[in-house]
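Beneath this line is the structure, given in structure tokens, with notes to follow.
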Amino acid sequence: MNACPCALKPYEINSAMKVMPVDRARVKAFEPLKCIECGICSYVCPSKISLLDTIKRAKVIARLK
Amino acid sequence: MLVLENKPHIKKSRSTASMMLDVIIALVPVLVMAIVNFGWLVLRNVAISLVVMILSELVFVAIKNKVPYDGNKHSFKEHFASIKKGIRTTTFLVPIVTGLIFSMIMPLDTTKPGLIYVVLIVGALFGEVIGKLVFGGLGKNIFNPAAVGMVFAKICFGQYYAYPASSQYSGDVVAGATPLTSDFGTYSLLDMFLGRIPGVIGETCKVAILVGFVYLLVRRTIDWKITVSYLGIFAIDMLFVGIIQMAGGSGVNPFSYMLSNLLMGGIMFSSVFMATDPVTSPTTNNGKLMYGALLAGLTAIIRLFASAPDGVIYSLLLANMATWAIDYHKFANPKYTWKNILVICLIAVIPLLIIIWVKCVEVF
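This is the structure in structure tokens:
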């Protein structure tokens, strides 16, 4: 949380992406498009979750019309 | 071997297991000082809670990881192989942390001999199963498991609790009287700081707790924000109460009143080891300050005006219930904004106003 340089919430994006089918409005609310893909969230995660992976998928979903 | 994955390919060596190990190391000075103060019987309490909690966690892992029903019959061996895969390091480390904290906030003995076994087993089982496992295990609980178990045991068996004075102080057993319920000023501040007072086994020695706090801060396992805002705002509340009591003509020095309230009861232990639990506390910077302020206000109100002597654990459970609201994505912001700082100030000031109001009615 404090690691993100864009002040995003990677864990919230991750939990929003876990819900099937994905709620697009909920994913968009966490603004994944602001992510600069630095990968710090994946680096510091103590549970070893590949958060950047999920955020990249969230970006695709947020760009859909 | 070819591994296909996204960047970054280097991960920090920090894991959940190493964080839990740090908490265990930080609890060692507390445990040692508890043994110095109260004797070897402390180890009995610790052993009972650890065994109960680890066994219930193992049963949970076994139920969760057995081969799912698919129409065929599976032998015991297949089930066992499947369960073995589910057992990780955290399966043992997390109940050890919970069990250590739980045994530190329980009294050493009961007034009726032998009842302590029942109290510890029932409390540990309830805390681990109802507090954590029914929600789905590590990371999904909303209440602190140790606090749940302690409150349940206190509600069920509270009248049998005995708080023996530490062995270096005197050998008498004081039934149910901690420094909180006895008169203010019975013990000197130095005695309270060094732990030479009767009380719950882990909470009396403040030096050991501070050593653990410094270790956790150096290893960056916990954040300073919850602990500092909790203790700081609580100190301000108590200072105001002391000033009102002095104005009422009771001859109390407000600063010594504030310090003795900080050193009484479980507030130091709770603020360092229990309130900073990463699962049940908020994640944002603002949220951590809000959580500390909320805890401080609730603790002060419960301690001063409720019938419960030490409001620390009750306030912790009440604040746990507010964690989801503090973390709700529409208000929670990782950056400090004026709105968030205003909310922190409001959470700190409203309980203070309530305290001043009730205390003024009581004194004048």
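Chains F and E, in that order, give the protein sequences. In this text, residue positions in the first sequence follow the numbering used here: the first is 191, and each later residue adds one. In this text, residue positions in the second sequence follow the numbering used here: the first is 10, and each later residue adds one. Here a beta-carbon is modelled for each residue, glycine too, at the ideal position from N, C-alpha and C.
Residue-level contact to chain E via CB, residue i, 8 Å cutoff
| i | result |
| --- | --- |
| ASP243 (chain F) | yes |
| PRO208 (chain F) | Reading the sequence as shown, one finds Lys at residue 208 (chain F) and not Pro. No, because no Cβ of chain E sits closer than 8 Å to the Cβ of LYS208 (chain F). |
| ASN192 (chain F) | yes |
| SER205 (chain F) | no |
| ALA252 (chain F) | no |
| PRO236 (chain F) | yes |
| LYS199 (chain F) | yes |
| LYS249 (chain F) | no |
| ALA219 (chain F) | yes |
| LYS224 (chain F) | no |
| LYS246 (chain F) | yes |
Rounded Cβ spacing between residue i and residue j (contact assumed at less than 8 Å)
| i | j | result |
| --- | --- | --- |
| ALA248 (chain F) | MET207 (chain F) | 5 Å |
| ILE253 (chain E) | LYS73 (chain E) | 54 Å between Cβ atoms; not a contact. |
| LEU272 (chain E) | LEU198 (chain E) | 7 Å |
| LEU59 (chain E) | ILE105 (chain E) | 6 Å |
| THR100 (chain E) | GLU66 (chain E) | 6 Å |
Cβ neighbours of residue i in the same chain (closer than 6 Å, five flanking residues each side left out)
| i | result |
| --- | --- |
| GLY306 (chain E) | PRO360 |
| VAL51 (chain E) | ALA43, ILE44 and ILE210 |
| GLY108 (chain E) | SER58, LEU59 and MET62 |
| LEU254 (chain F) | none |
| TYR224 (chain E) | ALA35 |
| TYR178 (chain E) | Per-residue confidence for TYR178 (chain E) stands at a pLDDT of 47, beneath the threshold of 50, marking its modelled position as unreliable; the derived number appears in the next sentence. Closer than 6 Å at the Cβ level, and outside the excluded window around TYR178 (chain E), lie ARG205. |
| LEU240 (chain E) | SER280 |
Any chain F beta carbon closer than 8 Å to residue i
| i | result |
| --- | --- |
| LYS21 (chain E) | yes |
| MET273 (chain E) | no |
| ASN15 (chain E) | yes |
| MET299 (chain E) | no |
| VAL28 (chain E) | Looking at the sequence itself, residue 28 (chain E) is Met, so the reference to Val does not match. Yes, MET28 (chain E) lies at the interface with chain F (some Cβ there is under 8 Å from its Cβ). |
| ASN150 (chain E) | no |
| LYS82 (chain E) | no |
| PRO343 (chain E) | yes |
| HIS338 (chain E) | yes |
| ASN294 (chain E) | yes |
| SER259 (chain E) | no |
| SER290 (chain E) | no |
| ALA184 (chain E) | Below a pLDDT of 50, predicted positions are generally treated as unreliable, and ALA184 (chain E), at 43, falls in that range; the measurement from the model is reported next regardless. It does not; no Cβ of chain F falls within 8 Å. |
| THR346 (chain E) | no |
| SER179 (chain E) | The pLDDT assigned to SER179 (chain E) is 43, lower than 50, so where the model puts this residue is not dependable; a value taken from the coordinates is nonetheless given after this. By this cut-off, SER179 (chain E) is not an interface position. |
| THR285 (chain E) | no |
| THR236 (chain E) | no |
| SER24 (chain E) | yes |
Alpha-carbon spacing of residue i relative to residue j, whole angstroms
| i | j | result |
| --- | --- | --- |
| ALA429 (chain E) | LEU303 (chain E) | Only positions 10 to 373 of chain E appear in the structure, and residue 429 (chain E) is not among them; the question remains open. |
| PRO200 (chain F) | LEU241 (chain F) | 6 Å |
| GLY211 (chain E) | LYS348 (chain E) | 39 Å |
| LYS75 (chain E) | VAL68 (chain E) | 11 Å |
| LEU325 (chain E) | GLY140 (chain E) | 13 Å |
| ARG7 (chain E) | MET277 (chain E) | Here chain E comprises residues numbered 10 to 373, so residue 7 (chain E) is not present and cannot be evaluated. |
| ASN150 (chain E) | ASN262 (chain E) | 42 Å |
| VAL281 (chain E) | TYR196 (chain E) | 23 Å |
| CYS231 (chain F) | SER27 (chain E) | 18 Å |
| LYS156 (chain E) | ARG97 (chain E) | The sequence shown places Ala at residue 156 (chain E), not Lys. Answer to the nearest angstrom: the Cα atoms are 25 Å apart. |
| PRO287 (chain E) | ILE335 (chain E) | 14 Å |
| LYS94 (chain E) | VAL70 (chain E) | 10 Å |
| SER265 (chain E) | ILE364 (chain E) | 19 Å |
| ARG228 (chain E) | MET62 (chain E) | 26 Å |
| ALA193 (chain F) | GLY167 (chain E) | 44 Å |
| ASN204 (chain F) | ILE350 (chain E) | 27 Å |
| LEU198 (chain F) | PRO343 (chain E) | 7 Å |
| VAL103 (chain E) | ILE92 (chain E) | 18 Å |
| ASP79 (chain E) | GLY320 (chain E) | 50 Å |
| PHE202 (chain E) | ILE218 (chain E) | 10 Å |
| TRP49 (chain E) | LEU40 (chain E) | 11 Å |
| LYS220 (chain F) | ILE251 (chain F) | The sequence given here has Phe at residue 220 (chain F), not Lys. Roughly 12 Å separates the two Cα atoms. |
| PRO318 (chain E) | ILE311 (chain E) | 8 Å |
| ASN46 (chain E) | THR213 (chain E) | 9 Å |
C-beta neighbour in chain C for residue i, strict 8 Å
| i | result |
| --- | --- |
| VAL212 (chain F) | Going by chain labels, chain C is absent from the structure shown, which instead holds the protein chains F and E. |
Cβ neighbours of residue i in the same chain (closer than 8 Å, five flanking residues each side left out)
| i | result |
| --- | --- |
| LYS297 (chain E) | ASP232, LYS234, ILE235, SER238, SER290 and PRO291 |
| ILE57 (chain E) | SER112, TYR126, LEU129, ILE130 and ALA133 |
| TYR169 (chain E) | THR119, THR120, LYS121, LEU124 and VAL128 |
| ALA186 (chain E) | Unreliable positioning characterises ALA186 (chain E) in this predicted model, as indicated by a pLDDT of 46, which lies under 50. The coordinate reading is nonetheless provided below. So the qualifying residues of the chain are TYR172 and PRO207. |
| ASN54 (chain E) | SER112, MET115, LEU117, ILE125, LEU129 and ILE210 |
| LYS224 (chain F) | CYS196 and LEU198 |
Same chain, Cβ closer than 7 Å to residue i, five either side skipped, listed in chain order
| i | result |
| --- | --- |
| ALA331 (chain E) | LEU303 |
| ALA328 (chain E) | TYR300, LEU303, LEU304 and LEU307 |
| VAL220 (chain E) | PRO38 |
| ALA244 (chain E) | MET267 and LEU271 |
Quick check on the DSSP output: what are the complete alpha helix (DSSP H) runs of length 4 or more inside the stretch 23-49 of chain E, in order along the chain? For the stretch 23-49 of chain E, whole alpha helix (DSSP H) runs of length 4 or above, ordered along the chain, are 25-47.
Taking only runs of the beta strand (DSSP E) that begin and end inside the stretch 125-163 of chain E, which ones reach a length of at least 3 residues, in chain order? Positions of the beta strand (DSSP E) runs, each at least 3 residues long and wholly inside the stretch 125-163 of chain E, cannot be given because no such run exists.
Could you name each continuous alpha helix (DSSP H) segment of 4 residues or more that falls completely within the stretch 265-325 of chain E, going from the start of the chain to the end? Within the stretch 265-325 of chain E, the complete alpha helix (DSSP H) runs of at least 4 residues are 294-314.
Of all the alpha helix (DSSP H) runs that stay within the bounds of the stretch 53-127 of chain E, which reach a length of 4 or more residues? Taking only runs of at least 4 residues, the alpha helix (DSSP H) segments lying wholly in the stretch 53-127 of chain E are 85-95 and 98-113.
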